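In what follows, a structure is listed as structure tokens, so that the remarks can point back to it.
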Amino acid sequence: AVCNSHPTPCKDPPDKLFTVHGLWPSNVNGPDPENCKVKPTPSQTIDTSLKPQLEIIWPNVFNRADHESFWQKQWDKHGTCGSPTIIDKNHYFQTVIRMYITEKQNVSYILSKANINPDGRGRTRKDIEIAIRNSTNDKEPKLKCQKKKK
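Following the working numbering, the numbering of the sequence shown begins with -4 at its first residue and continues without gaps.
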């Protein structure tokens, strides 16, 4: 979706799959928070053991040679607002990985289980919604369709 709605061309991965678009705290009483102040701490780097998984599930689709600056921007803008639930930068990225892998948020896997694959065949919105609901304890997905000019 981000590739279709952004003027900068994406560098698609060789194997097409749904990736994480973001992890944002929400605020039911107003707009979602951004760029929150955090207690000053020594500059924390992302744990190297997390990077291989993040490169697959949350890549920088505009510059695949520079994932870290993209992740840093995500942390600065969104992750910092997750306190006290999100403890620090590594906890933020561990949460993304956990949600994608262990909490059934891997949309590529969910759709593949329902035999919905990127094979060029059209699918109805309802088929996609049912497949996602069946794998997420009936959670309603937020879907946004984008039509290409052709």
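The C-beta atom is built at its ideal place from N, Cα and C for all residues, glycine as well. Please read these numbers as outputs of a predicted model, since none were measured by experiment.
From the options, residue whose alpha carbon lies closest to that of residue i
i    : options                : result
L12  : D122, S130, I41, Y95   : Y95
K134 : S21, R116, I105        : I105
P79  : P20, P4, A109          : P20
P28  : S44, K108, G77         : G77
V102 : L138, Q89, G115        : L138
T40  : R59, E63, K108         : E63
N129 : S107, P113, R116, D114 : S107
Proximal residues to residue i (C-beta, below 7 Å), its chain only, five neighbours per side dropped
i    : result
P2   : none
P136 : E124, I127
C81  : Correcting the residue identity first, residue 81 is Ile in this sequence and not Cys. Closer than 7 Å at Cβ, skipping near neighbours: G74, Y87, T90.
Distance CB(residue i)-CB(residue j) smaller than 7 Å
i    : j    : result
R118 : I127 : no
V33  : T75  : yes
Y87  : W70  : yes
D122 : N85  : no
N30  : K72  : yes
Bounding residues of the alpha helix (DSSP H) (the contiguous stretch that carries residue i)
i    : result
I125 : 120 to 130
D71  : 62 to 72
Q48  : 46 to 52
F88  : 84 to 96
K108 : 102 to 108
Neighbourhood of residue i by C-beta distance below 8 Å, restricted to the same chain and skipping five residues each side
i    : result
V91  : V15, L18, L49, I52, W53
D157 : Because the chain is modelled from -4 through 145, residue 157 falls outside the range shown and cannot be assessed.
L146 : Since the first residue of the chain shown is -4 and the last is 145, residue 146 is not available in this structure.
Cβ shell of residue i (< 6 Å), same chain only, five flanking positions each side left out
i    : result
I125 : none
A109 : A126
K145 : Any answer about K145 is weak, because its pLDDT of 46 lies below 50 and its placement is not dependable; what the coordinates show is given next. There are no such residues.
Residue i Cβ short of 6 Å to the ligand ZN heavy atom set
i    : result
N110 : With respect to the ligand ZN, the structure offers nothing, as it holds no ligand at all.
Interface flag, residue i vs chain C, CB-CB below 7 Å
i    : result
S107 : Of the chains in the structure shown, none is chain C; there is only one protein chain.
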